[in-house]
Amino acid sequence: MKACKAFALIPAAGMGKRMGASVNKQYLQLGGLPILAHTLAVFQQCPRITGICLVTPADEIAYCRDQVVSACGFTKVIEIVPGGRERQNSVMNGLKALKRHAAADDVVLIHDGVRPFISPDLLRESIAAASSGDGALVAVRAKDTIKTVRDGVVQDTPDRSTLWQAQTPQSFRYGVICEAHQSAEEAGFAGTDDSSLVERRGGRVRIVPGDYRNIKITTPEDLILAEAFLAAFRQVLP
Ligand SMILES: Nc1ccn([C@@H]2O[C@H](COP(=O)(O)OP(=O)(O)OP(=O)(O)O)[C@@H](O)[C@H]2O)c(=O)n1
Ligand SMILES: C[C@](O)(CO)[C@H](O)COP(=O)(O)O
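The sequence shown begins at 96 in our numbering and counts up one residue at a time.
Written as structure tokens, this is what we have:
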């Protein structure tokens with residue numbers, strides 16, 4: 096049987112408010128390159144990825160195309176489109192742009208632009224898992240005990256053995272994720288990740304056990320961790 100195509104959708108249209116930097120956090124330097132370049136490099140180098148759709152703030156499209164995509168030779172970037180108010184809106188814009196390229200059965204890997212430590216193995220495992228069901232979610236087991244809290248008072252201590260921390264990529268058949276986003280938009284449902292939209296539609300999302308290094312660079316201390324990870328584990332670009 097012919098393998099389906101796999102596309103990457105990279106939302107990178109946030110404001111980086113929690114980072115508080117003078118430039119948007121995806122352009123902060125990590126090992127001498129913008130964070131976003133490290134992320135894109137993993138997808139560019141993965142033979143299973145056919146094309147990449149990048150979502151950036153509308154007023155950064157030209158900068159991103161010239162200073163990141165062209166400058167680093169990311170030839171698999173087939174679309175750069177403007178983002179929306181929330182991450183969910185940015186992903187929706189990317190899904191619409193992929194209509195020109197993807198068929199309903201193709202797989203789309205949705206991956207935060209600021210998670211540069213995703214590994215090629217996890218991309219391959221995500222594509223395989225998403226191809227055999229409704230979707231696949233890279234996640235790691237919760238290491239800490241998690242509390243449910245209301246008004247500063249603990250309500251409950253959920254059984255930790257059932258708790259996983261969601262990362263990206265979150266990967267789905269193109270038709271499945273388009274339907275889930277469309278339905279969420281119509282219902283005014285807001286989720287903090289893409290899997291929750293598919294779960295809401297009764298979809299079966301499989302866990303792909305992830306990697307604690309696959310951090311989302313969110314606050315200044317994450318940058319220190321990222322530099323340490325880069326020095327210890329990773330050499331992506333030539
Ligand atoms: N409207 C938005 C918001 C977020 N993102 C992207 O979604 C990913 C994860 O979001 P997060 O780390 O929360 O980024 P920001 O929204 O930029 O951060 P903050 O909430 O601190 O402003 C990032 O790659 C970010 O650029 C996006 O494409 N569009
Ligand atoms: C999608 C995500 O990265 C999974 O952990 C996360 O939910 C994004 O949340 P954010 O608040 O938009 O950073």
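Ideal placement from N, C-alpha and C gives every residue a C-beta, glycine not left out.
The structure presented is a predicted model; accordingly, all values stated were derived computationally and were not measured.
**Request:** Compare the beta carbon distance of G298 and F328 with 9 Å and say whether it is the shorter of the two.
**Result:** As a first step, residue 298 is located in the sequence shown; it is residue number 203 there, counting from the start. As a first step, residue 328 is located in the sequence shown; it is residue number 233 there, counting from the start. Between G298 and F328, the C-beta gap is not smaller than 9 Å, which leaves the two residues out of contact.
**Prompt:** Taking Cβ positions only, does L320 come closer than 9 Å to chain C?
**Reply:** Of the chains in the structure shown, none is chain C; there is only one protein chain.
**Request:** Report yes if the C-beta of G297 is less than 8 Å from at least one heavy atom of ligand 2; otherwise report no.
**Result:** Here residue 297 corresponds to residue number 202 of the sequence shown, with the count starting at 1. Not so, every heavy atom of ligand 2 lies at least 8 Å from the Cβ.
**Prompt:** Which of helix, strand or coil does DSSP assign to S291?
**Reply:** Within the sequence shown, numbered from 1, the residue matching residue 291 stands at position 196. In this structure, S291 counts as helix in the three-state DSSP scheme.
**Prompt:** Per DSSP, what kind of secondary structure is Q124 in: helix, strand or coil?
**Reply:** As a first step, residue 124 is located in the sequence shown; it is residue number 29 there, counting from the start. In this structure, Q124 counts as strand in the three-state DSSP scheme.
**Message:** Can you tell me whether E280 sits near ligand 1, meaning its C-beta is under 8 Å from at least one heavy atom of the ligand?
**Reply:** Sequence index remark: in the sequence shown, residue 280 carries index 185 (1-based). No, Cβ of E280 sits at least 8 Å from all heavy atoms of ligand 1.
**Asked** So does the stretch 259-266 actually touch the stretch 224-237, counting three or more Cβ pairs closer than 8 Å?
**Response** Under the three-pair Cβ rule at 8 Å, the stretch 259-266 counts as touching the stretch 224-237.
**Item:** C-alpha gap between R301 and D229, whole angstroms
**Value:** The count along the sequence shown starts at 1 and reaches residue 301 at position 206. The count along the sequence shown starts at 1 and reaches residue 229 at position 134. Rounded to whole angstroms, the separation of the alpha carbons of D229 and R301 is 8 Å.
**beta-carbon E181 near ligand 1 non-hydrogen atom, thresh 8 Å** = Here the question's residue 181 lines up with position 86 in the sequence shown. Relative to ligand 1, the beta carbon of E181 is positioned inside 8 Å of a heavy atom.
**Request:** In the DSSP assignment, find the alpha helix (DSSP H) that holds L135 and state where it starts and stops.
**Result:** Along the sequence shown, read from residue 1 onward, the residue named residue 135 stands at position 40. Segment I130 to Q139, the alpha helix (DSSP H) holding L135.
**Prompt:** Of the residues I310, A231 and Q183, which one's Cα is nearest the Cα of F284?
**Reply:** Start at 1 with the first residue of the sequence shown, and residue 284 comes out as number 189. For the residues I310, A231 and Q183, the minimum Cα distance to F284 belongs to Q183.
**Request:** Give the straight-line distance between the Cα atoms of L293 and E220, rounded to the nearest whole angstrom.
**Result:** For the purposes of this step, residue 293 is identified with residue 198 of the sequence shown, where counting begins at 1. For the purposes of this step, residue 220 is identified with residue 125 of the sequence shown, where counting begins at 1. In the sequence on display, residue 293 carries Val and not Leu. Between V293 and E220, the C-alpha separation is close to 19 Å.
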